[in-house]
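Heads up: the protein sequence lines correspond to chains A and B, in order.
Taken in order, the first sequence gives residues 1 to 61; the numbers are from the working numbering.
Taken in order, the second sequence gives residues 1001 to 1266; the numbers are from the working numbering.
Input: a single structure, listed below in structure tokens.
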Amino acid sequence: MSLDPELLQILVCPNDRGEVEYREDERVIVCRSCGYRYPVRDGIPVMLIDEAEKPTGRRKR
Amino acid sequence: MPDWRSYDGVAETYERVHAPRLAEPARDLVRAAGIRPGDRVLDAGTGTGVAAAEAAAGTGDPASVIGVDPSLGMLAVARRVRPQVRVVAAAAIDLPFRDGAFDAVIGNFVLAHFTKYGTALHDLVRVLRPGGRVAFTAWADGRDELTATWLELAWSVVPRPVLEAALDDAIPWRDRFRRPEAIAEALSDAGLRRIRIDRRTYRFRYALDEYVEGLGTWATGRFVRSMLGEAGWTSFLARAREIFGERFADPLLDVRDVLIAVGVKP
């Protein structure tokens, strides 16, 4: 499912306001700086820190 | 047991009973926010997208309006009923948007829900461009006969201090933001200027059954329901229907004063 490009333009990570990218195949929005992964459920980006999958191991922040 | 504070479980009823009524103040909110064609608008606490849809009518381009809400249940209804509105699950306190991304930020009856309203307002102002407008609606006084009857019913099954404590948790600033001075102060503290607050009266009409059904969507209703369980809630609603039916003519007329506040980011 594609996401509105205009929306992606203004979207940032709620955790550290880093740049994000949408990985359509995984249906996930990933922060390029902290690595938090936000699910896209039924076309709705879930940009809630509590719902994010956090990277394990090496901390990127 | 799902969290009673969440709107997820009441989204369908909310949409059926309250959304059509809340559209009317939402229209005035959009007008107060001075939304013009071409504006990019954020609707904070969009719920089922009522105010976002009104804003989209104002901008002339649905793609220019984004609604955010922490409740996925509400957003799922928004997507189904108002597919033109873009929605994102997000908390007002950690908005996932760039600084200055919006020309206007609106919130239809959400201000009183922000636990840390100062922090939430700060973040809402952050995503606004300089010269952009913030506009909120808030319920003014709540001392009407319908509310009094409802509270009397609720207190008959849940002790008043318990219900009050629950409400403090769900809508911590419900009393504070009934006062225009308190809203003006909060907006001013968030860095907004040229603050203007209007008061307007709305006359909402409900069929008795519809009104009673809608009781379960308010924070008080959700809490009472979680306390009573489903069987208890069903018989409680039957009693509520009886009492509202005895005291008020069907359809019920709910006259509510609403504050509409606007501020500009310098």
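Ideal placement from N, C-alpha and C gives every residue a C-beta, glycine not left out.
Beta-carbon separation (whole angstroms), residue i vs residue j, contact threshold 8 Å
i: residue 1244(B); j: residue 1208(B); result: 6 Å
i: residue 1062(B); j: residue 11(A); result: Not quite, the Cβ-Cβ distance comes to about 18 Å (not below 8 Å), so this is no contact.
i: residue 1183(B); j: residue 1138(B); result: 6 Å
i: residue 1265(B); j: residue 1125(B); result: 6 Å
i: residue 1028(B); j: residue 1059(B); result: Wrong, their Cβ atoms sit about 16 Å apart, outside the cutoff.
i: residue 1099(B); j: residue 1127(B); result: 7 Å
Alpha carbon of residue i to alpha carbon of residue j, nearest angstrom
i: residue 1020(B); j: residue 33(A); result: 42 Å
i: residue 1134(B); j: residue 2(A); result: 30 Å
i: residue 1227(B); j: residue 1202(B); result: 32 Å
i: residue 1179(B); j: residue 1186(B); result: 11 Å
i: residue 1012(B); j: residue 40(A); result: 22 Å
i: residue 1001(B); j: residue 1123(B); result: Low confidence applies here, because residue 1001(B) scores a pLDDT of 49, under 50, leaving its location unreliable; read the following figure in that light. If you take the alpha carbons of residue 1001(B) and residue 1123(B), they lie about 32 Å apart.
i: residue 1129(B); j: residue 1241(B); result: 48 Å
i: residue 7(A); j: residue 1066(B); result: 8 Å
i: residue 1111(B); j: residue 1136(B); result: 7 Å
i: residue 1173(B); j: residue 1092(B); result: 15 Å
i: residue 1162(B); j: residue 4(A); result: 45 Å
i: residue 1238(B); j: residue 1223(B); result: 17 Å
i: residue 1250(B); j: residue 25(A); result: 54 Å
i: residue 1164(B); j: residue 1230(B); result: 22 Å
i: residue 1017(B); j: residue 1211(B); result: 7 Å
i: residue 1167(B); j: residue 1147(B); result: 14 Å
i: residue 1263(B); j: residue 1246(B); result: 44 Å
i: residue 1079(B); j: residue 1221(B); result: 25 Å
i: residue 1198(B); j: residue 1213(B); result: 31 Å
i: residue 1114(B); j: residue 1218(B); result: 16 Å
i: residue 50(A); j: residue 29(A); result: 14 Å
i: residue 1248(B); j: residue 1194(B); result: 42 Å
i: residue 1057(B); j: residue 1015(B); result: 19 Å
i: residue 36(A); j: residue 1155(B); result: 44 Å
i: residue 1206(B); j: residue 54(A); result: 47 Å
i: residue 1261(B); j: residue 14(A); result: 27 Å
7 Å Cβ cut-off: residues of chain A touching residue i
i: residue 1087(B); result: 44
i: residue 1070(B); result: 48
i: residue 1133(B); result: Ordered by position in chain A, no residue passes the 7 Å Cβ test against residue 1133(B), which lies about 18 Å from the chain.
i: residue 1075(B); result: 44
Closer than 8 Å at the beta carbon, the chain A residues around residue i
i: residue 1095(B); result: 14
i: residue 1101(B); result: 10
N- and C-terminal bounds of the alpha helix (DSSP H) containing residue i
i: residue 1136(B); result: Segment 1128-1139 is the beta strand (DSSP E) holding residue 1136(B); no alpha helix (DSSP H) there.
i: residue 1225(B); result: 1219-1247
i: residue 1163(B); result: 1160-1170
Under 9 Å by beta carbon: chain B residues contacting residue i
i: residue 7(A); result: 1063, 1066, 1086 and 1088
Where the beta strand (DSSP E) containing residue i begins and where it ends
i: residue 1206(B); result: 1193-1206
i: residue 1104(B); result: 1102-1108
i: residue 39(A); result: 37-41
Open item on the list: Count Cβ pairs between the segment 1103-1112 of chain B and the segment 1031-1040 of chain B that sit closer than 8 Å; are there 3 or more?
Closed with: Contact annotation: the segment 1103-1112 of chain B touches the segment 1031-1040 of chain B, with at least three C-beta pairs closer than 8 Å.
Open item on the list: If contact is defined by three or more beta carbon pairs under 8 Å, each pair taking one atom from either stretch, is the segment 1086-1094 of chain B in contact with the segment 39-50 of chain A?
Closed with: The answer is yes - the segment 1086-1094 of chain B touches the segment 39-50 of chain A, with three or more Cβ pairs under 8 Å.
Open item on the list: So, does the segment 1006-1015 of chain B touch the segment 1064-1079 of chain B, judging by three or more C-beta pairs under 8 Å?
Closed with: Yes, the segment 1006-1015 of chain B is in contact with the segment 1064-1079 of chain B.
Task: Stretch pair the segment 1188-1204 of chain B + the segment 1252-1265 of chain B: three plus CB contacts closer than 8 Å - done: Contact between the segment 1188-1204 of chain B and the segment 1252-1265 of chain B is present, because at least three Cβ pairs lie under 8 Å.
Open item on the list: Measuring CB atoms only, is the segment 1044-1053 of chain B touching the segment 13-20 of chain A, in the sense that at least three cross pairs come out at less than 8 Å?
Closed with: Touching, no, given that fewer than three Cβ pairs across the two stretches are closer than 8 Å.
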